[in-house]
Each structure stands twice: as structure tokens, then as C-alpha cells.
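K.L.:
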Amino acid sequence: MSLISVIIAAYNAEEWIKTSLTSVCEQSYSELEIIVVDDGSRDATAEIITNFGDPRIRLIRQANAGQSAALNRGLQEATGSYIKFVDADDALMPGHLEAQIDALRDSPRCLADCHWGYFVEDKNLAKARIETTNRNYDDPLEWLYDSLAHNEGMMGGWKWLIPKAIIAQAGGWNSQLSLNNDFEFSIRLLLHSEGVRWADKALYAYRKNLTPTLSGTRGQKAMASAYLTTSLGCDLLLARENSERIRRICADRYQMWLYQFFPDFPEIAIQAEKAVHQLGGSKLRIQGGRALQVLLPILGWKNIRRLQSFIYQYGWSAILARKERQRVQRIETA
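Numbering of the sequence shown is given in the numbering used here, commencing with residue 16 and proceeding in unit increments.
1) Just to confirm the assignment: which complete beta strand (DSSP E) runs, minimum length 3, are found wholly within the stretch 171 to 215?
2) By alpha-carbon positions, which one of Q293, Q270 and P281 ends up nearest to Q235?
3) By how many angstroms is the C-alpha of S45 removed from the C-alpha of M16?
4) Give a yes or no on whether the minimum CB-CB distance between L90 and chain B is below 8 angstroms.
5) Let's see if you can read the secondary structure: which residues bound the alpha helix (DSSP H) around V291?
6) With a threshold of 16 other CB atoms inside 10 Å of the CB of G231, please say whether the residue is buried or exposed.
7) Of the choices R76, E48 and V39, whose alpha-carbon is the least far from that of A25?
8) What did DSSP end up calling D121 once you bin it into helix, strand or coil?
9) Within a Cβ cutoff of 8 angstroms, which residues of the same chain sit near Y242, ignoring the five residues on either side of it in sequence?
10) Quick one, which of A220, K223, I182 and A214 has its alpha-carbon nearest R203's?
11) Please return the same chain residues whose Cβ sits closer than 8 angstroms to the Cβ of A59, not counting the five positions on each side in sequence.
12) Note down, in chain order, each residue of its chain lying with its Cβ closer than 6 angstroms to the Cβ of G248, except the 5 sequence neighbours on either side.
13) Does the stretch 35 to 51 come into contact with the stretch 122 to 134, if we say contact requires no fewer than three beta-carbon pairs (one atom in each stretch) closer than 8 angstroms?
14) With DSSP as the reference, identify every bridge partner of A106, one or two as the case may be.
15) For T228, which residues from the same chain have a beta carbon less than 7 angstroms from its beta carbon, with the 5 sequence-adjacent residues on both sides left out?
16) So the candidates are M169, Y327, I326 and I301; which of them puts its Cα closest to the Cα of M316?
17) Determine, using beta carbons only, whether A214 and A114 come nearer to each other than 8 angstroms.
18) Could you give the distance in angstroms between the alpha-carbon of D128 and the alpha-carbon of L194?
19) Which partner residues of I116 appear in the DSSP bridge assignment?
20) When we look at the beta-carbon of K289 and count the other beta-carbons within 10 Å, is it buried (16 or more) or exposed?
21) Could you give the distance in angstroms between the alpha-carbon of R71 and the alpha-carbon of Y97?
22) Return the CA-CA distance between A164 and S20, expressed in angstroms with no decimal places.
23) Thinking N151 and V211 are a contact (beta carbons under 8 angstroms), I'd like their distance in whole angstroms, please.
24) Tell me the rounded alpha-carbon separation between P178 and L112.
25) What are the boundary residues of the alpha helix (DSSP H) that E48 is part of?
26) If we count the other Cβ atoms within 10 Å of its Cβ and call it buried at 16 or more, is K138 buried or exposed?
27) Mind checking whether A103 and L218 have CB atoms under 8 angstroms apart?
28) Would you identify the three-state DSSP class for S83, choosing helix, strand or coil?
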């Protein structure tokens, strides 16, 4: 059996780390080394890991340097033939790793993909999303196009079981990136592979947090990261194929983030808007409820974003959090 190195970066994860580690330790595929990098936690994360009692777990402690740097530290320590990244607040469902390694049995230069689904508190409520990419691909660019054009564009680094030889060529995580660091990483990783193999029996449970987390931060640093990862990822795509279809999905990706940059991050918004224009424009509409869609042709999206920014200062974010919880609960019970 080949050794899989499971790498988890943990920062103040005492609430979730036990669930995440248990889901890895209980996998039917047991030839594992589990490397947990405690990225300067100030809670009981390290204590929980230390007391876990599984000899396959190795705890590495470092001063806080960010998720990308912590994952790279885990890569430095990994000795397995395959790499699997797991977020500290997520979980692998039973049989996940066995299904992914089986998918790569005759494809040593490919990545293994998996199902994924949201959950809030109970990982067993995670339901697999049905996506057009739920199949094998001999050309990784086609997987990327289908994911970005037809699905949610979920580029989580946790999706993949990665032969170590591929990640050695593609390189690790970009330590300049925080928010949406997976986007550039997954594109780079895929374009160094020879395709994607689908593991139909592998399900990854993705926690939908309703409290501030890395993916939920909205400060200047996070928004700069979102722009940079979009720029780097799209440059890689265009270098592989500078076609109308690739320019369109890149323009849409910049436009998606432009709706979040404006109006609170004007300099980044200007850069994103310029990129959309240079790529030929985007028809991607701003997302929102019924009221937003009614007001959109009257006010235009920029005035709507200005209005939203003003309202957020007076408690609207709490209302949105409640709506998000209701939306995720509908997903889990569907």
C-alpha cells in the first residue's frame, strides 16, 4: 500500500479539529501519516491534537504565518507518495481516501477528484453536489473550463488526491495569498497534471461557517489576495489557451470579485474592472434576492453596492447571516 500524507493546517480550531481528525483516522485506507501544522493557535488546538492518541498523527507547531505557509510546512515534512489536504473545520466521509487512491491506480500523472457537500454542524448532513465535472478528464484544461463555466467553480485544494511527483513539479501554496488561495493553487496543480480521475464514492464534507473565518474575511489584505489569486490563475489559463472561451470565464471571475471589491476597496475595484474590459467584458449579473433584482435596472449595480455598503454598517450583516443559515439548512435537508 502506498503512503498518503494528510496535511491539515490548524489555527484556533479547537471547535472543529476533533471532528476533522476523527474523520481522517477512521478512514478505511489506513496507510497514512497525518501532519497537523498548528499555525500559532492561542486556544486548545494543540492540546486536543496531542491528546488524540493516534500514533500516525504528527503535530508541528509554528508561529502564525498564515494557512498557505502552514500547508507548505506540512509539505516539507510529508513522506507519502500521495498528498491530501484537509481543512481543519471540514471532514472526510467514510471511504473517501480508498476511493480516491483506487481512482489513480492506473493514472499516476492524474489528480483524483471527489464529491463535496455543505454542512453547518452535522457532517453527516453533507449532500453531494451534482456537477458537470463528475467524470474523468484526459485534459485538465477541460475540467477547469467546465468547472468555471458550468459549476460553482469550487477550486478547493482539498478536492484532490495528489501524486507527490505532480506537486513537486507544480510547487506548493503561494504564501502571498490568504483569501481564495485555492484558486491559483488548483489551476497550477491541474495544468501540471495529465488529467483528472473521478472518485464517485469519495465525499468531502465542507463546513459552511456562519462566523468569521479565513474565507469570510473582508479586509484589505483579504481582498488584495482575492484579486491576486484571480490574476495569477487567469494568467495561467490564458497562457495555456488564449481563446474567446477562456477570456470569457476569466472576465466572469474578475466580475464576480468586482461586485465584492466595490465600493469599499476602490483601487482593487479599478484594477478588476480594467481586467474585465481588457478580456472583452462580462455578462455576469450581481447575485441577490428579489428586491435587488427589481432595483437593478433602475439603480445599476454600483449604486446597489453603495446602498448595501451603507446598510451593512447598521446591522444588515446579521440579517444576511440568518438568511445564509436558512439557505444552508435547505441545502442540508434537500
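C-beta: ideal position from N, C-alpha, C; glycine also. Note that the coordinates shown come from a computational prediction; the quantities given were computed from them, not determined experimentally.
P.N.:
Put simply:
1) 176 to 178
2) P281
3) 9 angstroms
4) Checking the listed chains, one finds no chain B in this structure; it contains a single protein chain.
5) P281 to Q293
6) Any reading at G231 needs caution, since the residue's pLDDT is 49, under 50, leaving its predicted position unreliable; the model's value is listed next. So G231 counts as exposed.
7) R76
8) coil
9) W272, F276, I283, Q286 and A287
10) I182
11) E29
12) F198, E199 and I202
13) no
14) A220
15) Unreliable placement is indicated for T228, whose pLDDT of 45 sits below 50; no coordinate value is reported for it.
16) As written in the sequence, residue 316 is Trp, which differs from the Met given in the question. Of the candidates M169, Y327, I326 and I301, the one whose C-alpha sits nearest the C-alpha of W316 is I301.
17) yes
18) 22 angstroms
19) Per DSSP, none; premise fails for I116.
20) exposed
21) 15 angstroms
22) 32 angstroms
23) 7 angstroms
24) 13 angstroms
25) Here E48 belongs to no alpha helix (DSSP H); instead the beta strand (DSSP E) covers L47 to D54.
26) buried
27) no
28) helix
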